[in-house]
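Trainee: After the structure tokens below, expect a handful of questions from me.
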Amino acid sequence: MAIAIDYEKGDSVFVAYPFPSNNYFKAQARTVDKVEVVDVGDVANVTFTDGEPVVDSNAAQTVFTTEPLADKAIVNDVITRSAAAVASDAELSIVSTAAQASVTLGRIG
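Numbering (my numbering), first residue to last: -14 to 94.
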């Protein structure tokens, strides 16, 4: 699906820089310098007059026309990453506990 771009050169936008980045936790106001849609059509390379470039796409939107939309994207990403980390830790704990139990049972028998 082709990317929907609501901004062009000279527009003021807000960027939700992807993790890891020094600007990850706060939407950054930027001025668009250039938008280059990649051949596939669902990805755009976006450069700014006053900041690091980003890749914007339907799958991972990084450029927004309002600050609240960019902030919401950042919060959603933090929640998703936190949930994934908790699930991963819980999975490791279960595997570790199961391994300890089998070792203990082996010694008893």
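Backbone N, C-alpha and C define an ideal beta-carbon position, used for all residues, glycine too. In this text the structure is predicted, and so the values were computed from the model without any measurement.
Check whether the region 18 to 35 touches the region -14 to -4, taking contact to mean three or more Cβ pairs, one atom from each stretch, closer than 8 Å.
Mentor: Flag = yes, the region 18 to 35 and the region -14 to -4 touch.
Trainee: From V17 to Y9, what distance separates their C-alpha atoms?
Mentor: Their Cα atoms are separated by approximately 19 Å.
Trainee: Does DSSP put V25 in a helix, a strand or coil?
Mentor: Coil.
Trainee: Looking only at DSSP bridge pairs, what is Q95 linked to?
Mentor: Given a span of -14 to 94 for the chain in the structure shown, any question on residue 95 remains unanswerable.
Trainee: By Cβ distance below 7 Å, which residues in the same chain neighbour T50 in space, the five residues on each side in sequence not counted?
Mentor: D(-9), Y(-8), V(-2).
Trainee: From the DSSP output, in three-state form, read off K19 for me.
Mentor: In the structure shown, K19 sits in a strand (DSSP, three-state: E or B).
Trainee: Let me check understanding here. Comparing Cα to Cα, which of D(-4), F4, V40, V0 lies closest to R66?
Mentor: Closest option to R66, Cα to Cα, is F4.
Trainee: I need the straight-line Cα distance from T47 to L54, nearest angstrom please.
Mentor: Distance between the alpha carbons of T47 and L54 is about 10 Å.
Trainee: Quick one: Cα of D56 to Cα of Y2, how far?
Mentor: Cα to Cα, the separation comes out at about 11 Å.
Trainee: Check each candidate in A45, A44, I64, V20 and name the one with the smallest Cα separation from T34.
Mentor: Here the closest residue by C-alpha is V20.
Trainee: Determine the DSSP secondary structure at N30, reduced to helix, strand or coil.
Mentor: Of the three classes helix, strand and coil, the one that applies to N30 here is strand, per DSSP.
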